[in-house]
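Numbering (the working numbering), first residue to last: 17 to 354.
Scroll down for the structure; my scribbles are underneath it.
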């Protein structure tokens, strides 16, 4: 390989070209610097160069996680993760071409010792050699744009429009409050922790300061009672043509009574409608309510690699335990889809 690798210890040291070639907001310098400072997990970064210059970048971090998390088998192992350390369905590696990504993966694997997991690729690659590829949690997206939320509602088939109206009726006695990241409270963080603890597919637990110090590209919508008690929130990212449901929190004691999760997700759709953005990324998990609001499955892939021959053989045999196998309901939400 004519390319060479440069290891970087902090995003502030990235080459100027990093942000030019990063395809998603979460891969860019500002967000990775935020994660580095407020969700430290031994992050390190790699830049790929050849004689023509910068070719791609990669983020790696380390955690102890259950390697067979999708089968609920307790299997804690310390692993190197090629990904974004913020529980988002975006790859931690990018390049100017697939060939650059392959060169970058091969070079990074040579640097990292032990078990390495690569997460959230939109396609599989033939590298690293002797790696095991499989499906991971999909993300859900809506690629339909609407001039307003009213236009979105008009486009729904009647069963889905009725479900939305019924859920919104359960908001009686509650109201919405819009806040900036620096206004994020301990009470809201407690709602995030409820969702985190209930999740069957845990990765990193984010801190209160992580939310409070998010860049201003993020905003929060909070469901409150009349006495200002928060019951749920969503956090969204709007950046260029990106509109993402980044994170949410729920008081599960009141979730069924007020259809809280459905309503915070519907609020994300409302904010997306008329935003001028062309794609809504609902994120991973909670596939049913997101699908019923217009989300379509976008498969994502992962790989596992170990430098030890015995370990590689084990993971090849255990591939069915590594993969995500859940069948997700397919909904035809919009009238034009029938």
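Quick reminder that beta carbons are idealized off the backbone N, C-alpha and C, glycines included.
The C-alpha of residue 191 is placed about 29 Å away from the C-alpha of residue 256.
Contact between the stretch 284-303 and the stretch 192-209 is absent: fewer than 3 CB-CB pairs across the two stretches fall below 8 Å. By the criterion of a C-beta distance shorter than 8 Å, residue 130 is surrounded in its chain by 94, 95, 96, 322 and 323, once the five residues flanking it on both sides are discounted. For residue 150, the beta-bridge partners assigned by DSSP are 318. The secondary-structure analysis by DSSP pairs residue 300 across a beta bridge with 155. CA-to-CA, the gap between residue 200 and residue 166 works out to about 29 Å. The Cβ atoms of residue 60 and residue 76 lie closer than 7 Å to each other.
Inter-segment contact for the stretch 204-223 and the stretch 159-176 is absent: fewer than three beta-carbon pairs are separated by less than 8 Å. Within the model, the alpha-carbon separation for residue 238 versus residue 186 is close to 15 Å. Residue 173 and residue 305 have their C-alpha atoms some 15 Å from each other. Fully enclosed alpha helix (DSSP H) runs of no fewer than 4 residues occupy 165-171 and 174-185 of the stretch 134-206, in order along the chain. A distance below 7 Å separates the beta carbons of residue 136 and residue 105. Non-local C-beta neighbours of residue 70 in its own chain, meaning closer than 6 Å and more than five positions away in sequence, comprise 31 and 33, ordered along the chain.
Look at residue 117 here: in three-state DSSP terms it is helix.
If you draw a straight line from the Cα of residue 214 to the Cα of residue 250, it comes to about 17 Å. Per the DSSP secondary-structure output, residue 343 pairs with nothing in a beta bridge.
Here residue 144 is not near residue 117, since their CB atoms are 7 Å or more apart. Following the DSSP letters along the chain, one finds residue 71 in no alpha helix (DSSP H) but inside the beta strand (DSSP E) bounded by residues 69-82. Fully enclosed beta strand (DSSP E) runs of no fewer than 3 residues occupy 60-66 of the stretch 32-73, in order along the chain.
When rounded, the separation of the alpha-carbon atoms in residue 339 and residue 197 is 35 Å.
No residue range can be given for residue 30, since it is assigned to no alpha helix (DSSP H) and is classified by DSSP as neither H nor E.
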